[in-house]
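What follows is the structure in structure tokens.
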């Protein structure tokens, strides 16, 4: 069964602007910041940079662009399948997480297809030993991370009470 356009409107309403924000911000970064320079937004804390990422989160699995393109395509098919599948009841957390995941995966996939790598540009220095600075990221990465948090919240919300918790002795 398929979801109606009415059900999909707000997913498109959220995904498309986030995807556009991701791509427009990366375009701006590519044309205004050299790879060796940075813009101090909040000195010592937050910077705009131009970082090439051929891997995944935190720069792991470098130089695997073809693998990540395939993985992104599989993720997109799964997200579209879940979005088009009719549900018995409306689940806002699920829909929110899928909309964010759609925007994030599309954003980084577009980079991989057009540039051969992902463009990261947000750099935060948390002033803690294990994250000094935190690896550079982008809007698409943020969407994917928030989507995962929403999936976890949705899963925890739906977990049934155990037998011991459900009894009223």
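Residue numbers (the working numbering): 74 to 242.
Idealized CB from N, CA, C, for every residue including glycine.
Residue i versus residue j: straight-line alpha-carbon distance, rounded
{"i": "residue 90", "j": "residue 173", "result": "11 Å"}
{"i": "residue 100", "j": "residue 112", "result": "16 Å"}
{"i": "residue 127", "j": "residue 106", "result": "19 Å"}
{"i": "residue 96", "j": "residue 121", "result": "15 Å"}
{"i": "residue 205", "j": "residue 143", "result": "32 Å"}
{"i": "residue 184", "j": "residue 108", "result": "16 Å"}
{"i": "residue 115", "j": "residue 193", "result": "18 Å"}
{"i": "residue 226", "j": "residue 165", "result": "11 Å"}
{"i": "residue 138", "j": "residue 147", "result": "14 Å"}
{"i": "residue 215", "j": "residue 119", "result": "15 Å"}
{"i": "residue 207", "j": "residue 221", "result": "19 Å"}
{"i": "residue 167", "j": "residue 103", "result": "34 Å"}
{"i": "residue 186", "j": "residue 218", "result": "21 Å"}
{"i": "residue 202", "j": "residue 124", "result": "21 Å"}
{"i": "residue 163", "j": "residue 135", "result": "39 Å"}
{"i": "residue 83", "j": "residue 140", "result": "31 Å"}
{"i": "residue 158", "j": "residue 145", "result": "20 Å"}
{"i": "residue 231", "j": "residue 110", "result": "47 Å"}
{"i": "residue 189", "j": "residue 209", "result": "17 Å"}
{"i": "residue 81", "j": "residue 200", "result": "42 Å"}
{"i": "residue 50", "j": "residue 88", "result": "Absent from the model: residue 50. The displayed extent of the chain is 74 to 242, so no value can be given."}
Where residue i falls: helix, strand or coil (DSSP)
{"i": "residue 158", "result": "strand"}
{"i": "residue 113", "result": "strand"}
{"i": "residue 49", "result": "Nothing about residue 49 can be read from this structure; the chain reaches only from 74 to 242."}
Cβ-heavy atom distance, residue i to the ligand ZN, below 8 Å
{"i": "residue 139", "result": "With respect to the ligand ZN, the structure offers nothing, as it holds no ligand at all."}
Nearest-angstrom Cβ-Cβ length linking residue i and residue j, presumed shorter than 8 Å
{"i": "residue 117", "j": "residue 198", "result": "6 Å"}
{"i": "residue 211", "j": "residue 196", "result": "The pair is not a contact, with the Cβ atoms about 11 Å apart (cut-off 8 Å)."}
{"i": "residue 92", "j": "residue 156", "result": "Residue 92 to residue 156, Cβ: 15 Å. No contact."}
Can you give, in chain order, each stretch of the beta strand (DSSP E) that sits fully within the stretch 182-236 and has at least 3 residues?
-> 191-197
Sufficient close CB pairs (3 or more, under 8 Å) joining the stretch 167-184 to the stretch 148-157 | yes
If you scan the stretch 76-105 from start to end, which runs of the alpha helix (DSSP H) of 4 or more residues do you find wholly inside it?
-> 78-105
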